[in-house]
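Trainee: Using UniProt numbering, the letters of the sequence shown correspond one by one to residues 1 to 176.
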Amino acid sequence: MMKEHSLAIDLLLICMSCGAASVLAAFNSTVSAPPSTSFSDTNMKYHMDRANLPKHRRKRYISQDDQLAILDYHNKVRGNVFPPASNMEYMVWDETLAQRAEQWASMCLWEHGPRNLLRFLGQNLSVRTGRYRSILQLVKPWYDEVKDYSFPYPRDCNPRCPLKCYGPMCTHYTQG
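Structure below.
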């Protein structure tokens, strides 16, 4: 059973201004304050960044609807794990972490980071180009790695997938 845990697990979605790529960063963390529910700062930045810039150089932002869609999807699939989790935490949006992820994404490096945050957080990246269909295109592939996860051997599933991992990897699914 999932319980609401407003101070623990957070999801960030940041879109880069580097080319036309979108980057999604998911972080699991413990924070000291409840998440912000005000999206006015993000909306203001969105409109300011669009002014007088060519389309390919404008920053991309995630709407409140997309944030909710991502959180709903994550909470749904996290609640259906097998074997069932005894204390599955409910994911919530954290604006402070979103700002940190945006700073990292603005460096245009396709790698996990920054290292000082990764000691306390899990992080997934995703990129898509071409026609936009749904924000879930960016997060669904992480869950789809469940097919490569072999319980009760979570340590055997890593990017090289020795022995029990039957696919390319499942570390996005496990945050391992």
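Note that the Cβ used here is the ideal one computed from N, Cα and C, for glycine as well.
Looking only at DSSP bridge pairs, what is residue 80 linked to?
Mentor: BP columns for residue 80 are empty, so no partner.
Trainee: Our contact map puts residue 112 next to residue 125 with C-beta atoms below 8 Å; I'd like the distance itself, whole angstroms only.
Mentor: With a Cβ gap of about 7 Å, residue 112 and residue 125 count as contacting.
Trainee: Here's the rule I'm using: 16 or more other beta-carbon atoms within 10 Å means buried, otherwise exposed. How should residue 135 be labelled?
Mentor: Burial call: buried.
Trainee: Buried or exposed: where does residue 107 fall if 16 or more other Cβ atoms within 10 Å of its Cβ makes it buried?
Mentor: Result: exposed.
Trainee: What span of residues does the alpha helix (DSSP H) with residue 87 cover, start to end?
Mentor: Where residue 87 is concerned, there is no enclosing alpha helix (DSSP H), given that its DSSP letter is neither H nor E.
Trainee: Around the C-beta of residue 16, are 16 or more other C-beta atoms found within 10 angstroms, so that it is buried, or is it exposed?
Mentor: Because residue 16 carries a pLDDT of 30, less than 50, the predicted location of this residue cannot be relied on, and the following value inherits that uncertainty. Classification for residue 16: buried.
Trainee: Where does residue 70 sit, in a helix, a strand or coil, going by DSSP?
Mentor: Three-state result, residue 70: helix.
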